[in-house]
Amino acid sequence: MGLNLAQKIIKEHLISGELKAGTEISIRIDQTLTQDSTGTMAYLEFEAIGVPRVKTKKSVAYIDHNTLQAGFENADDHKFIQTVTSKHGIYFSRPGNGICHQVQLERFGVPGMTLLGSDSHTPTGGGIGMLAIGAGGMDVAVAMGGGPYYLTMPKVCRVNLVGKLSPWVAAKDIILEVLAILTVKGGVGKVIEYAGEGVKTLTVPERATITNMGAELGATTSIFPSDEITREFLAAQGREGDFVEILPDVDAVYEEELTIDLGKLVPMAAKPHMPDNVETLEEIGKIKVDQVAIGSCTNSSYMDMMKVAYILKGKTVHPDVSLVIAPGSKQVLGMLAENGALADMVAAGARILESACGPCIGMGQAPKTDAISLRTFNRNFEGRSGTKSAQVYLVSPETAAASAITGVLTDPRTLGEYPVIEMPGHFKINDNMVIAPAPENNDVEVVRGPNIKPFPVNKPLAETIKGKALIKVEDNITTDHIMPSNAKLLPFRSNIPYLSEFCLTPCDPDFPARAKENGGGFIIGGSNYGQGSSREHAALAPLYLGIKAVIVKSFARIHVANLINSGILPLTFKNPEDYEKIDEDDVLQIKDAVAQVKAGQEIVLENVTKGIKIITETTLSKRQIGMILAGGLLNYTRENN
Ligand code: MIC
Ligand code: SF4
């Protein structure tokens with residue numbers, strides 16, 4: 022039986038388990054990436070593991086998220102990351118060099134390799150045929166130390182692309198269509214593998230837009246074949262030597278299949294506040310726009326920026342619109358500067374931001390009260406922009422630029438002739454902003470400013486877990502709800518006591534105080550709990566507040582792994598309707614927790630207040646059971662070494 026792309030790469034890297042969907046496997050990781058908002062914690066964890074030098078083929082640390090320096094905190098983190106990486110053999114991409122996923126794709130990604138990144142959009146690398154997976158910082162730290170990465174063997178869903186996009190319809194519209202079909206939880210437990218004739222019509226940056234935003238499906242990753250188009254891209258990056266052709270076998274088998282006719286797609290937008298809340302621009306209508314933000318790891322490539330510059334050329338941004346543009350990397354920005362496109366953007370009135378995440382993670386440019394903000398980003402969760410009442414719509418760069426000029430949501434197809442913008446034969450290559458690590462056995466001093474704090478470690482699982490249901494939340498709760506991130510909070514990513522004061526506050530401002538008063542307890546949630554970011558802070562803050570178990574209808578992939586790494590028991594209702602049988606403030610209890618967890622599968626939860634028993638389930642592997650019993654991955658690793 023033939024193998025699909027994902028299976029081929031997994032097979033090549035398999036350390037334990039078999040290619041059977043739903044079972045635990047572990048794989049060897051070739052490359053890792055971190056960024057600064059998760060990196061500080063990841064490197065503290067790497068230090069705690071105690072491996073002197075990374076064992077991967079290449080590990081890169083990027084500074085791209087926390088780039089507003091309103092105080093010393095972010096700069097402290099940057100210096101810590103710069104020195105700790107130098108000491109342990111990791112490349113350091115300086116602030117200004119670009120967004121991690123964009124730079125990794127341009128400069129370091131290699132088809133057929135595995136990449137583990139402490140950022141949920143790591144699957145961007147799937148655009149050149151990498152098996153690129155987002156994970157919590159602890160998992161990345163383990164991988165840097167040469168340890169295997171454990172995951173559930175995914176099902177593989179083939180998305181068959183047929184036909185060709187019409188002019189002014191973009192790769193962003195393809196992934197919005199996939200989101201409309203599969204929803205934000207439709208990808209959980211799956212790899213989304215793109216195939217079919219339509220693949221050949223898409224450039225690498227277009228493919229990367231699609232695999233990037235595949236994170237919003239909850240998928241393990243998304244991947245395109247590595248073909249002639251990939252070879253040309255790598256050659257233009259001066260890296261033809263990194264090219265390997267990787268195609269699925271002709272008789273490859275897929276667990277699911279979906280067909281999208283590219284020719285039938287039209288420009289679309291994801292409406293507030295979910296990436297799967299997709300409608301066509303026509304359905305939404307010509308709503309008035311206050312802000313347009315172009316950039317992010319989804320849509321900041323040279324090709325995207327050139328289309329934007331073409332649309333802006335000779336025009337002026339509408340007086341009621343603030344247009345901000347952040348080219349994805351120094352390479353992109355440098356090329357735009359050299360060919361005059363940057364001047365066209367500036368002349369039109371665009372506010373140029375540094376090559377970083379910026380407004381995508383609320384690092385500045387929070388829109389005005391009740392603003393309509395069009396963004397070429399991948400997430401429009403409520404409050405993520407930094408303004409709770411803002412209404413964020415996710416669109417293609419073409420739609421964004423057209424709307425910035427008119428002041429209303431505008432279908433770019435009204436712009437007339439579609440420009441011919443060629444993929445460059447040679448990108449501008451200058452890796453001077455990437456610092457190689459110090460040689461082995463160096464005596465680099467790791468600089469720890471006052472912002473660098475130790476991280477919390479859990480205790481072994483207690484015999485009886487008892488406490489209140491401290492909060493009950495609905496479906497699709499994101500990590501932005503659990504551990505909000507914005508310009509004010511991101512500087513404290515290694516200060517868990519401080520961050521915990523904001524845990525779940527978008528759902529209930531009193532949650533942290535209640536958790537403390539009660540000495541911890543339980544979180545009750547709906548389905549797809551913890552979707553979104555890879556931030557392990559969404560597990561570490563609850564850990565600090567004494568959360569013993571999280572009981573939900575279903576979990577998002579990365580978040581549940583982070584809970585287990587932190588030693589917090591993740592439980593799902595055997596019968597989802599039992600969600601109704603717990604109210605906030607009910608006292609809950611799990612007796613013989615150790616024995617029940619050891620036995621695996623069903624765990625009896627008592628609702629003491631209501632005098633009833635509820636059956637919950639765990640899908641913990643043997644190793645994960647060990648982690649829960651030990652109180653997290655770090656304790657478990659120490660016990661087993
Ligand atoms: C995000 O897009 O939410 C982030 C910020 O990049 C996160 C990482 C983080 O929370 O630091 C992600 O997607 O993993
Ligand atoms: Fe940065 Fe936004 Fe991409 Fe996250 S989604 S890595 S914040 S650009």
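For the sequence shown, the positions run 22 to 662 when this note's numbering is used.
The beta carbon of each residue, even a glycine, is placed where N, CA and C say it ideally should be.
Since the model is a prediction, treat every value here as computed from it, not as a measurement.
Which of the three DSSP states is assigned to Y64 in this structure?
DSSP places Y64 in the helix class (H, G or I) of the three-state scheme.
Quick one: measure Cβ to Cβ for I426 and V338, integer angstroms, because I've assumed they're closer than 8 Å.
The C-beta distance from I426 to V338 rounds to 7 Å, short enough to fall under 8 Å.
Which same chain residues end up closer than 6 Å to K634 when comparing Cβ atoms and leaving out the 5 residues on each side of it in sequence?
So the qualifying residues of the chain are V625, E627.
Based on the DSSP secondary-structure assignment, which residues constitute the bridge partners of G404?
Looking at the DSSP output, G404 shares a beta bridge with no other residue.
For a quick check, are the C-beta atoms of V413 and S424 less than 8 Å apart?
No, Cβ-Cβ distance for V413 and S424 is not below 8 Å.
What do you reckon, is the C-beta of R21 under 7 Å from a heavy atom of the ligand SF4?
It is not possible to answer for residue 21, since the shown part of the chain is limited to 22 through 662.
Let me check understanding here. Comparing Cα to Cα, which of L65, M22, R128 lies closest to S350?
It is R128 whose Cα lies nearest to the Cα of S350.
If T526 and P512 are in contact, beta carbons under 8 Å, what's the gap, nearest whole angstrom?
Actually they are not in contact, since the Cβ atoms of T526 and P512 sit about 17 Å apart, beyond 8 Å.
Closer than 7 Å: is that where the CB of T232 sits relative to any heavy atom of the ligand MIC?
Every heavy atom of the ligand MIC is 7 Å or more from the Cβ of T232, so no.
At a cut of 8 Å, does the region 487-503 reach the region 534-547 through at least three beta carbon pairs?
Touching, yes.
Span of the beta strand (DSSP E), counted from its first residue to its last, around R665:
Only positions 22 to 662 of the chain appear in the structure, and residue 665 is not among them; the question remains open.
Segment contact flag, the region 374-390 with the region 110-123, C-beta cutoff 8 Å, min 3 pairs:
Of all C-beta pairs linking the region 374-390 to the region 110-123, three or more are shorter than 8 Å, placing the two stretches in contact.
Do P477 and I517 have their CB atoms nearer than 8 Å?
Yes, Cβ-Cβ distance for P477 and I517 is below 8 Å.
Can you find at least 3 beta carbon pairs, one from the region 569-589 and one from the region 450-470, that sit closer than 8 Å?
With contact defined as three or more Cβ pairs closer than 8 Å, the region 569-589 and the region 450-470 are not in contact.
Can you list, in chain order, the residues of its chain with a C-beta nearer than 7 Å to that of E539? Leave out the 5 residues immediately preceding and following it.
Before going on, a small fix: residue 539 reads as Asn here, not Glu. Excluding residues within five positions, the ones whose Cβ falls inside 7 Å are G488, K489, L491.
Tell me the DSSP bridge mates of L54?
Beta bridge pairing from DSSP links L54 with V81, G138.
Check V478 in the structure and name its three-state DSSP category.
Secondary structure at V478: coil, using DSSP grouped into helix, strand and coil.
Might you give, ordered along the chain, the residues of its own chain that have their beta carbon closer than 6 Å to the beta carbon of Q188, omitting 5 neighbours on each side?
A quick correction: the sequence has Pro, not Gln, at residue 188. Counting only Cβ-Cβ distances below 6 Å, and skipping sequence neighbours, we find Y439.
I'd like to know whether the C-beta atoms of I111 and V161 end up nearer to each other than 8 Å.
Judged by their CB atoms, I111 and V161 are not nearer to each other than the 8 Å cut-off.
Residues near A27 in its chain [Cβ-Cβ closer than 8 Å; skip 5 each side]
Short of 8 Å from the beta carbon of A27, and not among the five residues preceding or following it, lie these beta carbons of its own chain, in chain order: L152, P175, V177, V212, E214, T242, I244.
Contacting residues, own chain, Cβ-Cβ under 8 Å from L89 (five flanking each side not counted):
N95, M384, G385, A508, listed in sequence order.
Could you give the first and the last residue of the continuous alpha helix (DSSP H) run that contains G647?
For G647, the enclosing alpha helix (DSSP H) starts and ends at 643-651.
Excluding five sequence neighbours on each side, which residues of the same chain lie with their C-beta closer than 6 Å to the C-beta of Q617?
I624.
Burial state of I450, where buried means 16 or more other Cβ atoms lie within 10 Å:
I450 is exposed by the Cβ-count criterion.
Report the option in A82, E443, F93 whose CA atom is closest to the CA atom of I102.
Closest option to I102, Cα to Cα, is A82.
Please tell me whether, using a cut-off of 7 Å, the distance from the CB of S515 to the nearest non-hydrogen atom of the ligand MIC is below it.
Outside the cutoff, so no.
Exposed or buried, I272, counting other C-beta atoms within 10 Å across all chains shown (16 or more means buried)?
A small correction: the amino acid at residue 272 is Asp; Ile does not occupy that position in the sequence shown. Exposed, because fewer than 16 other Cβ atoms sit within 10 Å of the Cβ of D272.
If the criterion is Cβ atoms closer than 8 Å, does the pair F398 and T319 meet it?
Yes, the pair counts as a contact, with Cβ atoms nearer than the cut-off.
When DSSP builds the beta bridges, which residues end up paired with P527?
According to the DSSP secondary-structure assignment, P527 is paired through a beta bridge with no residue.
Sort K41, A422, E266 by Cα distance to G335 and report the nearest one.
From the listed residues K41, A422, E266, the smallest Cα separation to G335 is found for A422.
Pick from V615, E638, T640, V629 that is closest to A651, judged by C-alpha positions
Between A651 and the set V615, E638, T640, V629, the nearest pair of CA atoms involves V615.
T280 Cβ short of 7 Å to the ligand MIC heavy atom set
Answer for T280: no, Cβ out of range of the ligand MIC.
Is it true that the region 551-559 meets the region 596-603, where meeting means three or more beta-carbon pairs spaced less than 8 Å apart?
Flag = no, the region 551-559 and the region 596-603 do not touch.
Taking 8 Å as the threshold, find out whether the region 253-270 comes into contact with the region 47-56 through three or more Cβ pairs.
Segments in contact, no.
Specify the secondary structure class of A620 as computed by DSSP and reduced to three states.
DSSP places A620 in helix when its eight states are reduced to three.
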